[in-house]
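Chemist:
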Amino acid sequence: MKEITEQIQTIAARLFEEGKIDIFIAWEQGELDFQTKAYVARSKEDAKNLVFNEYAIYNTANMLLKFRDGHERIGIAVKGCDSRGIVRLLEDLQIKRERLYIVGIPCPGLKDPLAAARNYGGFNRQTEPDSLAGKCLECIQPNPVICDEIIGPEQSPRQQGDRFARVKEMEQMTPDERYDFWEKTLSTCIRCYACRQVCVACDCRTCIFDEMKPQWVGRESSTTDNMMYHLVKHAHMAGRCIECGECERVCPVNIPLMLLNQKLIKDVGAFYGGPEAGLQYVEGAKPPLSVYRIDDPDSFL
Amino acid sequence: MKVLNKSKLIEALNVLSSQQEVFVPIQRESQSGYFSWADYQPERDELMLEALNVYQSPKNVVLPQTERMYGIISQGMEVDIDQTFEDAHPTLIFGARGCDVKGILAMDEVFLTRGFVDSFYQARRANNTIVANACYAPGPNCFCTAMEVDPVEPVGADVIIHDCGDYYAWEARTGKGEAVTAQLDGLLEDKEVKLPSAQPFQLQVDYQGVAEKLKDMFDHSLWDQMAEPCINCGMCTYVCPSCYCFDIQVKMFGEKGYRFRAWDSCMFEEYTREAGGGNPRGASKERFRQRFLHKLEFFQERYGTPLCTGCGRCIIVCPTDVNIARIIKAVKEAEVE
Amino acid sequence: MNEAKKGMAIEQPLIPTVVEVIDIVDRTPDVKSFFVRNTDGSGLPFQVQPGQCGMISHLPVGEAMISCTWQEEQEYLEFAVKRVGLLTDELHRIEIGQKVGVRGPYGNGFPVEACKGKDMVFIAGGIGLAPLRSFIKHCFKHRQDYGKITIIYGSRSSADLCFKEELFDLWPREQDTQVFVTIDNPEPDWDGHVGFVPAYLEELAPSPEGAVAVVCGPPIMIKFVLQSLEKMGYADDQVITTLEMRMKCGIGKCGRCNIGSEFICLDGPVYYLEQLRQLPAEW
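Residue numbers (our numbering), protein chains in the order written: chain A, 171 to 471; chain B, 22 to 358; chain C, 25 to 307.
(1) At a cut-off of 7 Å, would you count D211 of chain B as near the ligand ZN, judging by its Cβ distance to the nearest heavy atom?
(2) Among the residues of its own chain, which have a CB less than 7 Å from the CB of R197 of chain C, if the five just before and after it don't count?
(3) If you measure between the beta carbons of L194 of chain C and V205 of chain C, is that distance less than 8 Å?
(4) On the CB-based measure, 16 or more other CB atoms within 10 Å of its CB, does E298 of chain C come out buried or exposed?
(5) Which parts of the segment 240-285 of chain A are runs of the beta strand (DSSP E), unbroken and 3 residues or longer, counting only runs that do not cross its ends?
(6) Could you give the DSSP three-state label for F103 of chain C: helix, strand or coil?
(7) May I ask you to list, following chain order, the residues of the segment 195-209 of chain A that have a beta carbon less than 7 Å from some beta carbon of chain B?
(8) Give every residue of the same chain whose Cβ lies closer than 7 Å to the Cβ of L153 of chain C, excluding the five residues on either side of it in the sequence, and list them in chain order.
(9) Could you tell me whether any Cβ in chain C is nearer than 8 Å to the Cβ of S78 of chain B?
(10) If we count the other Cβ atoms within 10 Å of its Cβ and call it buried at 16 or more, is W307 of chain C buried or exposed?
(11) Between C335 of chain B and chain C, is the shortest Cβ-Cβ distance under 8 Å, so that the two count as touching?
(12) Out of curiosity, what's the CA-to-CA distance linking K377 of chain B and D240 of chain B?
(13) Decide if H183 of chain B is buried, meaning its Cβ has at least 16 other Cβ atoms within 10 Å, or exposed.
(14) Output needed in chain order: residues of the segment 67-87 of chain C with a Cβ under 9 Å from some Cβ in chain B.
(15) CA-CA distance, D169 of chain C and E322 of chain B?
(16) Could you work out which residue in B:Q143, B:W58, B:P262, B:V36 is closest to N81 of chain B when comparing CA atoms only?
(17) By how many angstroms is the C-alpha of A208 of chain A removed from the C-alpha of S28 of chain B?
(18) So what does D101 of chain B bridge to, in DSSP terms?
(19) Around the C-beta of Y462 of chain A, are 16 or more other C-beta atoms found within 10 angstroms, so that it is buried, or is it exposed?
(20) By the criterion of Cβ-Cβ separation under 7 Å, what are the contact partners of Q122 of chain C in chain B?
(21) Is there contact between the segment 299-315 of chain A and the segment 410-417 of chain A, where contact requires at least three CB pairs shorter than 8 Å?
(22) Kindly say whether M256 of chain B, judged by its beta-carbon, lies nearer than 8 Å to any beta-carbon of chain A.
(23) As a quick exercise: from C:E114, C:G125, C:E119, pick the residue whose alpha carbon is nearest that of I4 of chain C.
(24) Just curious, the alpha helix (DSSP H) that H400 of chain A is in, first and last residue?
(25) DSSP state of S81 of chain C, grouped into three classes?
(26) Can you tell me the Cα-Cα spacing of V201 of chain B and Y157 of chain B, whole angstroms?
(27) How about the segment 175-195 of chain B and the segment 211-225 of chain B: do they share at least three Cβ pairs that are nearer than 8 Å?
(28) Can you name, in chain order, every residue of its own chain whose Cβ lies under 7 Å from the Cβ of D54 of chain C, other than the five neighbours on each side?
(29) Check L220 of chain A in the structure and name its three-state DSSP category.
(30) Using a beta-carbon distance below 8 Å, is M90 of chain B in contact with chain A?
(31) Near S57 of chain C, what residues of its chain come up, given a Cβ to Cβ distance below 6 Å and the 5 sequence neighbours on each side ignored?
(32) Going along the segment 113-139 of chain B in order, which residues come within less than 7 Å of chain C, judged by CB to CB distance?
(33) When you compare the CB positions of F194 of chain A and Y225 of chain A, do they come within less than 8 Å of one another, or not?
(34) Starting from R336 of chain A, follow the beta strand (DSSP E) in both directions and report where the run begins and ends.
(35) Which full runs of the beta strand (DSSP E) of 3+ residues lie inside the segment 205-277 of chain C, going along the chain?
(36) Would you say I289 of chain B reaches chain C, if we count a Cβ-Cβ gap shorter than 8 Å as a contact?
Here it is as structure tokens:
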């Protein structure tokens, strides 16, 4: 990974020198090993701060939302999952392809800095395993799907066995059992909206949950309002979730959010087929639930 | 000194629980916070008195995340407020660390002083007792002493317990504390105790002069830099033991309903958005700056103490590694024109 | 809890009193005045000073902080409400006889005592006249306490001018009083002044000597009026304005209406410019 770091730094410095970019988005090293976070370099000198290490898990594509209204030409380092986020933003016309110079990193699988922070912080009774992050063990796309330059050799998907095993288990439950499970699970939500804020596919300018006129979802942290929040959020993710797993990773009460997303990935795949969200970029192409046709079946109406 | 033998801890919690609702630090499956001892199930819950702390602070005992205020009946032209929901049932927070006790003291200042008394908070707080768990071994993100907290003898505690290995030394500090002590008559023993010695802090934070310096740093470039990774989720504000901002909303079911308040977060865009659409803190950086200035400058100016208690929770949970201790340090080191 | 620090005696400050709307008057296409008093007709739920506010609640919908534009003795409280959001939209639909909630009074109000003996220059834009009106009417009620009164008021169009009867008929007839009205754009039937308030103010140039200027209006108007006043020689302790922020509790607890360490609902909304200059530039 040291080599990748050096190459990112070299490429970013070169791009700044050639005047091709105004900023470069990647990661920087915090004080402690696991404190790796998103970073925006603004000059050739800043490029020295860029790193890629085993904790560079944050989805850099999410950072693009901070720059979507600007005109900066942006260099950005992406892993497989991050690159799918970029495809999502391109499809949703949130950023123009010509503003981006994408440096792809085939990802070897990373560790979760939050798990490390919890282990280090002393609040945990049992330390969490110091292995690859859960989301990385489920990874089907470690290699960038869109990039202008690539660093390092291709990596193989790490997902093993039946990808939808957990979903199928859930499908086997009776509706009542399922309801009880989600009622119990979602009742713990503290409505901090970290799952929404960290989501690159959540790119609406005004989120439905911030609408006050009318107010669609109540503010109470009650099971009803919590369920409404999660069901609406996840329904919006149908055909859009790029499976980066950031929502589940950052959740402070460990709600298995990817289970909902995976169910939708499975269903959207079964109903509409085609490539999954963000797996390939075709200019002008739209994910299944982002288009409306007059002859769409509407027997449920 | 009185002591509570750890072998009698469960019994003591049961006795206390028969007199008032007792909130204890618990790891409950994936959650970690203060939960009612009455709901304790050993197969599901782990008592966390010996851990450094739990992720959710005990502030929900005096300021629940959602709290009904009053009932409304609305029938066309006629409306009425048919009941109020002030909750005065006795509660006991058992095992709070000094940082979290300080958080409640900060909320006391907000809700009980400076003009108006918040009757909902007052009802809960007047009937709330705090048994603090003296902290002798600070964690790597702890800096409470820098924020005017005494971790071993926290101000505001009604009782302080000291973990001495096989037993807790039990020290009543107030009238309320004496009353709780009396409830445990027969369970407490007298014993000569040797209190543990406090270990040094791993994290050095110097808050001296920060509030004053921040007065001239509202437009400092530091905020652009510090706020850059922040995604404006509300996690830091919700795990914080002293963040108290709330929203007031209404829920109606036909003609009946109620007004309630719920925790809010200065991190959310909607928090300061005005009815006409304007927003004085519309930008991510402006909200970020508000949070830290409130913690480190504004609260100090208004109430004479910082609103950060140095518990370290936000440092641990932040998905983008925003770190208030580093911000304090950066403010200290910043050059101001 | 420190008993000595306990605050003032409204026992349940967050719980409104139910009052009756005894009259509703259309002021402009999107501003209505609501007149309220106790449901048994026995007077008012609370007394207000000029510039203070009340939290008006259409109980099944929500609450909003509204400046009280006038208290008529023990007869009624008048709130002029512009339709801008969810709650005000619903309020505009109610009819006379509707029961609503009010709580208050909130805020510091205008320094009516400190202004005694001064020439008063009131400068308002749009709905910003509503708070100033309580001060203006107070001055007329105690006419001998104040010097010359100048009122400069503007809005987008003639239809958007609030309190027209007072502007064009009642106030100009008061002793030693001048009222100047302007609209943003020309209109066929308008023979008055056309132009923005700050420019009109500079043109009229009321003397700063022995005067106090009181300003209220949209933020952008306030910003330019303050610049104009400075240019005209008004010192920071001769300029008073009222601020607006989103509010929920009204009693300095819920957090959102702060500017620096000030809570606008409790410590404001009325400030001298010299006080505002001490605050972070978020106003």
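By construction, the Cβ of each residue, glycine as well, lies at the ideal position given by its N, Cα and C atoms.
Modeler: Let me spell this out:
(1) With respect to the ligand ZN, the structure shown offers nothing to examine, as it has no ligands at all.
(2) If we look at R197 of chain C and ignore the five residues flanking it on each side, it has no Cβ neighbours.
(3) In this structure, the beta-carbon distance from L194 of chain C to V205 of chain C does not fall below 8 Å.
(4) When all chains shown are included, E298 of chain C counts as exposed.
(5) Contiguous beta strand (DSSP E) elements confined to the segment 240-285 of chain A occur at 244-248, 270-274, taking only those with 3 or more residues.
(6) Note: F103 of chain C maps to strand in three-state DSSP.
(7) Going along the segment 195-209 of chain A in chain order, one finds G200, Q205, K207, A208 with a Cβ nearer than 7 Å to chain B.
(8) Same-chain partners within the cutoff: Y177, C186, F187.
(9) Not closer than 8 Å to any Cβ of chain C, the Cβ of S78 of chain B fails to qualify, so no.
(10) Per the 10 Å Cβ criterion, buried.
(11) Interface criterion not met: the Cβ of C335 of chain B is under 8 Å from no Cβ in chain C.
(12) There is no way to answer for residue 377 of chain B, as the model of chain B reaches only from 22 to 358.
(13) Classification of H183 of chain B: buried, given that the 10 Å Cβ count is 16 or more.
(14) Under the 9 Å Cβ criterion, the segment 67-87 of chain C contributes S81, H82, L83, P84, V85, G86, E87.
(15) Cα atoms of D169 of chain C and E322 of chain B: separation of roughly 37 Å, rounded to the nearest angstrom.
(16) Checking every option, the nearest Cα to that of N81 of chain B belongs to B:P262.
(17) Near 48 Å, if we compare the C-alpha coordinates of A208 of chain A and S28 of chain B.
(18) DSSP output for D101 of chain B lists B:I94 as bridge partner(s).
(19) The residue is exposed, with fewer than 16 neighbouring Cβ atoms inside 10 Å.
(20) M98, listed in chain order.
(21) The segment 299-315 of chain A is in contact with the segment 410-417 of chain A.
(22) For M256 of chain B, the nearest CB of chain A lies under 8 Å from its own CB, placing it at the interface with that chain.
(23) Outside the displayed range of chain C (25 to 307) lies residue 4 of chain C, so it cannot be described from this structure.
(24) From DSSP, the alpha helix (DSSP H) with H400 of chain A extends over 393-407.
(25) In this structure, DSSP gives S81 of chain C an extended state, which the three-state scheme calls strand.
(26) Cα to Cα, the separation comes out at about 24 Å.
(27) By the Cβ test, the segment 175-195 of chain B is in contact with the segment 211-225 of chain B, since at least three Cβ pairs between them sit closer than 8 Å.
(28) For D54 of chain C, where only same-chain residues beyond five positions count, the Cβ hits under 7 Å are K106, R107.
(29) Correct three-state label for L220 of chain A: strand.
(30) Chain A contact via Cβ: absent.
(31) Taken in chain order, the residues that qualify are V49, R51, E102, A104.
(32) Of all residues in the segment 113-139 of chain B, the ones placed with a Cβ closer than 7 Å to any Cβ belonging to chain C are D129, V131, F132, L133, T134, R135, G136, F137, V138, D139, in chain order.
(33) Not closer than 8 Å, so no.
(34) Careful: R336 of chain A lies outside any beta strand (DSSP E), inside the alpha helix (DSSP H) at 335-342.
(35) Listed in chain order, the beta strand (DSSP E) runs fully inside the segment 205-277 of chain C are 235-240, 263-266, counting runs of at least 3 residues.
(36) Residue identity check: residue 289 of chain B is Phe in the sequence provided, not Ile. Any Cβ of chain C closer than 8 Å to the Cβ of F289 of chain B would place that residue at the interface, and such an atom is absent.
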